[in-house]
Amino acid sequence: MFVVGTFYFFAIFLIFSSLSVIFSKNPVNSVLFLVLTFLNSTFLFILIGAEFVGIILAIVYIGAVAILFLFVVMMLDIQLIDIVFSVKKYIPLAVLFALVIISEIIYLTVVKVVKGNILLEPSSINNTEAIGDVLYTKFFIDFQLSGIVLLLAMIGAIVLTHIYKPSIKRQNISHQNSVTASERVSLHNPKNGEGIDA
Amino acid sequence: MLSITYNHFFILSVILFVIGCLGLFLNRRNMILILMCIEIILLAANINFVSASIFLNNLDGQIFSIFILTIAAAEAAIGLAILVVYFRNNGEIDITKINELKD
């Protein structure tokens, strides 16, 4: 009973905050509601016993992604725009979409019901430990590949946003190594009582 | 007996997915909001994976949810970097005006 009440509380809160992400005019409010959405889903995950994914969701999404969004929103100068609502254009698409979604719901809730319940008795091995057992053995290649994806994303983001300014003085090693003595040093033999024109 | 079943979580994730798609279709101007709607859609997929993994007593769903999280973080970083570069070059991010490749 308590679990069901908690589920409904967080689920309704989740839906309302995700609606606010879409419908708020100011993008800063949208980002903050996005944080609230992720926080509520974290609580839901912890409620059904997936603690590791819930905490990772909080760390990655709230700590990194949402803050990244917040930085970009504050960096760009965005004017407040109302939602451009044009219903007529999207009616065929909406009907198609609704048909697909409704048929999926009916198929999965009436025809092919997933029977299963949360294991209430505490098991000897906790969630994080179980995930660690599988992640580094069965899914080892996938784990490494996701690391490569993160590396590529990091390099790509740095390369994209890096600004090259010619006015900045910096060391160019290949240029330094390729100069010859004649470019840098000139020998002069000044006459007595005269200087050199530089 | 009153208890939460998989259907609760399934309906919740469908609602979240539809809200994300609604945001994609309704908002035609602001590109940051489109990226946020994609994050909501990925969150819906995550909720579906994790709840199925819990109710079927199979850990693979949670592992895949971690991979989805990784890809979502990479996608957000690259997307926002492209957005910043575009804003620096053009001074606006109105997606109705991003059609320069056409002519």
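The listed protein sequences correspond, in order, to chains Y and G. In terms of our numbering, the first sequence opens at residue 1 and continues consecutively. In terms of our numbering, the second sequence opens at residue 199 and continues consecutively. Just so you know, even glycine gets a beta-carbon here, dropped at the ideal spot from N, CA and C.
Test: residue i CB closer than 9 angstroms to a CB of chain G
i: Y164(Y); result: no
i: I131(Y); result: yes
i: F199(Y); result: Residue numbering for chain Y in the displayed model covers 1 to 198; residue 199(Y) lies beyond these limits and cannot be assessed.
i: I48(Y); result: yes
i: P190(Y); result: no
i: I22(Y); result: yes
i: F43(Y); result: no
i: P92(Y); result: no
i: N126(Y); result: no
Interface partners of residue i on chain A, CB under 9 angstroms
i: S30(Y); result: Absent from the structure: chain A. Protein chains present are Y and G.
Beta carbon proximity, residue i to chain Y, threshold 9 angstroms
i: E273(G); result: yes
i: A243(G); result: no
i: N225(G); result: yes
i: L278(G); result: yes
i: L299(G); result: no
i: I261(G); result: yes
i: I217(G); result: yes
Cross-strand partners of residue i (DSSP beta bridge)
i: D292(G); result: N228(G)
Bounding residues of the alpha helix (DSSP H) (the contiguous stretch that carries residue i)
i: P27(Y); result: 27 to 48
i: R184(Y); result: 181 to 184
i: G5(Y); result: 2 to 23
i: L150(Y); result: 140 to 161
i: S201(G); result: No alpha helix (DSSP H) contains S201(G), which DSSP labels as neither H nor E.
i: V73(Y); result: 66 to 75
i: L135(Y); result: 127 to 135
Please confirm if the segment 260 to 271 of chain G is in contact with the segment 218 to 233 of chain G, defined as three or more CB-CB distances below 8 angstroms between the two stretches.
no
Indicate whether the contact test is met: 3 or more Cβ pairs, each with one atom in the segment 101 to 114 of chain Y and one in the segment 66 to 73 of chain Y, closer than 8 angstroms.
no
Given 8 angstroms, three or more beta-carbon pairs between the segment 209 to 223 of chain G and the segment 181 to 195 of chain Y:
no
The segment 37 to 48 of chain Y touching the segment 239 to 247 of chain G, judged by at least three CB pairs closer than 8 angstroms:
yes
So, do the segment 3 to 23 of chain Y and the segment 53 to 61 of chain Y have three or more beta carbon pairs nearer to each other than 8 angstroms?
no
How about the segment 157 to 168 of chain Y and the segment 280 to 291 of chain G: do they share at least three Cβ pairs that are nearer than 8 angstroms?
yes
Hey, is the segment 290 to 301 of chain G in contact with the segment 252 to 262 of chain G, meaning 3+ C-beta pairs nearer than 8 angstroms?
no
For the segment 286 to 298 of chain G, which residues have a beta carbon sitting closer than 7 angstroms to at least one beta carbon of chain Y?
I291
Under 9 angstroms, CB to CB, which of the residues in the segment 59 to 76 of chain Y have a partner in chain G?
V60, Y61, A64, V65, A66, L68, F69, F71, V72, V73, M75, L76
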